[in-house]
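Take a look at the structure below.
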Amino acid sequence: MSESGSKAARVIEIEVLRYRPGTDAEPVWQSFRVPFLDDTSVLEGLQAIKDDLDGSLSFRWSCRMAICGSCGMMIDGVPRLACHTFLREFFPGKVRVAPLDHMPIERDLVVSAEDFVHKLEGITPYLVPREARTVEQGEYLQTPRQLEQFRQFAGCINCMLCYAACPQYGLDPEFIGPGLMALIHRYNADSRDGARAERMELINAEQGVWSCTAVGYCSVVCPKHVDPANAVNQNKVNGALDWVKRRAGLKGGGT
Amino acid sequence: MAGWWRRNPYFVWYMVREVTAVAVAVYTLVLLAGVVCLASGEAAWNGWLSAMRSPVSIAIHAALLVGMVSHAWSWFDIMPKTMPLLFVGGRPVAASAITRAGLAAAVVAAAALFALAWALRP
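Residue numbers (our numbering), protein chains in the order written: chain A, 1 to 255; chain B, 1001 to 1122.
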């Protein structure tokens, strides 16, 4: 990269899919020309548009460092965090920014997370202690191997990129979806948890693991390497075993 | 969602992976037809054998072989996603190691079967 290339501002075309309720009958593309440097993210590009070109542009963001999960959007057709994607990657071409696939648009790049949040409330997304302990008895201890069983699945930031990546969720929004299946597994795989039986019913439902056809794109787009496809597909085995146990009259839902 | 799989190269490869299962099913039917012919007597068996030697059959087999190899590769590629975490010596086994082990097992099994068929040829 030459001195002028890295230091001087270049100008890139950013096309944004706009939808302003009451003004636009349907989403329309709008083009902006934005100066950028090597370290300018797509999020900063959108902020430049909002600050200098069109104050009506709406998008969600908070931390600008890939930890809050707010700025997920379709960037050139791929679900990515806007703060985690640099404009230099697309120059000298243009970059197209659209709201996340498979979710209703509220305004511009802001989608409704209602379906996700509603499902999240229903999966018992917290530890239910397997055994009651008093403070005097001390912590719930785990071995490093027990921690490893769920550690990667605990990295989810609820950015919903995997939902925009999942064609099965796009075809049938009743599917619980990759991110929440990973979160279910995060708690089920935790040796301290005691609510596995009730979560197994969600896993084994048609809208649970059986809606997944192992496309695997959810794990590709995940910015935190949670690997939801692994969480979903290893639970197909767990779900089948649980079904056999229940049919055989054994107590299902256990470990 | 119509035509969704054409929107992204990743989805195209997913569909290719799924379609190669058809190659596996078709080859199973070809072998099954051979078994039925074998049970039906010598004339039927020889008819099946000569049908297998026809240029059309060889072309179909070449296409099925490509499908089978592609299926084996993509199957072992996705295998780590379908398994619980594996630990060897207290450390998690990398997905690539699981894929390579599966592919190696498939190659060894195919080579052993081929050697057996070669040794027993008339």
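Beta carbons are placed, not taken as given, at the ideal position from N, Cα and C, and that holds for glycine.
Cβ-Cβ separation between residue 79 of chain A and residue 161 of chain A: approximately 4 Å, consistent with a contact (criterion under 8 Å). Under the 8 Å Cβ criterion, the segment 171-185 of chain A counts as touching the segment 222-231 of chain A, having at least three qualifying pairs. Residue 97 of chain A: member of the beta strand (DSSP E) spanning 95-98, first to last residue. Using a Cβ-Cβ cut-off of 8 Å, residue 177 of chain A is close to nothing in chain B; its nearest Cβ partner there is about 15 Å away. Between residue 148 of chain A and chain B, the shortest Cβ-Cβ separation is below 9 Å. Residue 1015 of chain B and residue 170 of chain A have their alpha carbons spaced roughly 16 Å apart. Residue 1024 of chain B sits close to residue 1071 of chain B, with the two beta carbons spaced by under 9 Å.
Residues of chain B whose Cβ lies closer than 8 Å to the Cβ of residue 167 of chain A are, in chain order, 1001, 1004, 1005 and 1011.
Within the same chain, Cβ atoms closer than 7 Å to the Cβ of residue 19 of chain A are found at 27, 105, 107 and 108, the five residues on either side in sequence being excluded.
Counting every other CB atom within 10 Å of its CB across the protein chains shown gives residue 166 of chain A a total of 16 or more, marking it as buried. Among the residues facing chain A, residue 1018 of chain B is included, as its CB has a counterpart in that chain under 9 Å away.
Interface annotation, residue 1014 of chain B: in contact with chain A, CB-CB separation under 9 Å.
In the DSSP assignment, residue 1009 of chain B falls within the unbroken alpha helix (DSSP H) covering 1009-1040.
Secondary structure of residue 211 of chain A (DSSP, three-state): helix. At a Cβ-Cβ threshold of 9 Å, residue 111 of chain A and residue 16 of chain A do not count as neighbours. Chain A places a beta carbon closer than 9 Å to that of residue 1082 of chain B, counting this residue as a contact. For residue 188 of chain A, no chain B residue has a Cβ inside 7 Å of its Cβ, as the nearest lies near 12 Å away.
Legend: CB atoms of the segment 206-222 of chain A lying less than 9 Å from CB atoms of chain B belong to residues 213, 214, 215, 216, 217, 219 and 220. For residue 1080 of chain B, the secondary structure class from DSSP, reduced to helix, strand or coil, is helix. Counting every other CB atom within 10 Å of its CB across the protein chains shown gives residue 185 of chain A a total of 16 or more, marking it as buried. With a 10 Å radius around the Cβ and a threshold of 16 neighbouring Cβ atoms, residue 87 of chain A comes out buried.
For residue 1090 of chain B, the C-beta contacts it makes with chain A under 8 Å involve 144 and 145, in order along the chain.
Taking every protein chain shown into account, the CB of residue 118 of chain A has fewer than 16 other CB atoms within 10 angstroms, so this residue is exposed. The beta carbon of residue 168 of chain A sits closer than 8 Å to the beta carbons of 175, 211, 212, 213 and 215 from its chain, once the five residues preceding and following it are set aside; these are given in chain order.
At a cut-off of 9 Å between beta carbons, residue 1087 of chain B contacts chain A. Around the CB of residue 201 of chain A, fewer than 16 other CB atoms lie within 10 Å, so the residue is classed as exposed. Only those residues of the segment 230-254 of chain A whose C-beta falls short of 8 Å from the nearest C-beta of chain B are listed: 230, 233, 234, 236 and 237. Residue pairing by DSSP puts residue 129 of chain A in a beta bridge opposite A:193.
Contact between residue 100 of chain A and residue 74 of chain A holds: CB atoms are separated by about 6 Å, below the 8 Å threshold. In this structure, residue 44 of chain A places its C-beta atom within 9 Å of the C-beta atom of residue 36 of chain A. Interface annotation, residue 1098 of chain B: not in contact with chain A, CB-CB separation never under 9 Å. Short of 7 Å from the beta carbon of residue 85 of chain A, and not among the five residues preceding or following it, lie these beta carbons of its own chain, in chain order: 41, 42 and 75. Between residue 1008 of chain B and residue 217 of chain A, the CB-CB gap stays under 9 Å. The C-beta of residue 1096 of chain B has fewer than 16 other C-beta atoms within 10 Å across all chains shown, which makes the residue exposed. Between the alpha carbons of residue 142 of chain A and residue 1108 of chain B lies a distance of about 40 Å. Contact with chain B is absent for residue 81 of chain A, since none of that chain's Cβ atoms lies less than 9 Å from the residue's Cβ.
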